[in-house]
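Going by UniProt numbering, the sequence shown opens with residue 1, and the numbers climb by one from there. Where is the CB? At the ideal position from N, CA and C, for every residue including glycine. Reading through the structure tokens given below for one structure.
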Amino acid sequence: FAEMMSMQPVEHIAIPAQGMTALKPGGFHIMLINVKKPPRAGENVYLTLTFQRAGKVQVMVPIQDGHAQHIQPGHHMQHGDQTQHRHK
């Protein structure tokens, strides 16, 4: 039997001062759900991240080959809140 992936929303991701946290498939990641036009490899997506001290910061995220397939309209998996998710 194949393992079923379960993702749970997280309220925040702790990032130490002067540190970083990688967002990637299989770990912490941001899901784009019900997008009107899924991005293609080579395109950029602009996201607004909210930090406790820095406030809102807009970032440009390049879509790499292989990642665009994970951004689909009508994405179906077990989700709670449609914000940030983490694989268990």
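- In this structure, N44 is the residue among I15, R40, H29 and N44 with its C-alpha nearest to the C-alpha of M60.
- Assigned with DSSP and collapsed to three states, Q64 falls in coil, not helix or strand.
- For A22, same chain residues with a beta-carbon under 8 Å away, outside a window of 5 residues either side, are F28 in chain order.
- Membership of H12 in any beta strand (DSSP E) is not indicated, and neither H nor E is assigned to it by DSSP.
- When DSSP states are grouped into helix, strand and coil, Q58 belongs to the strand group.
- About 19 Å separates the beta carbon of K37 from that of T48, a gap too long to meet the 8 Å contact definition.
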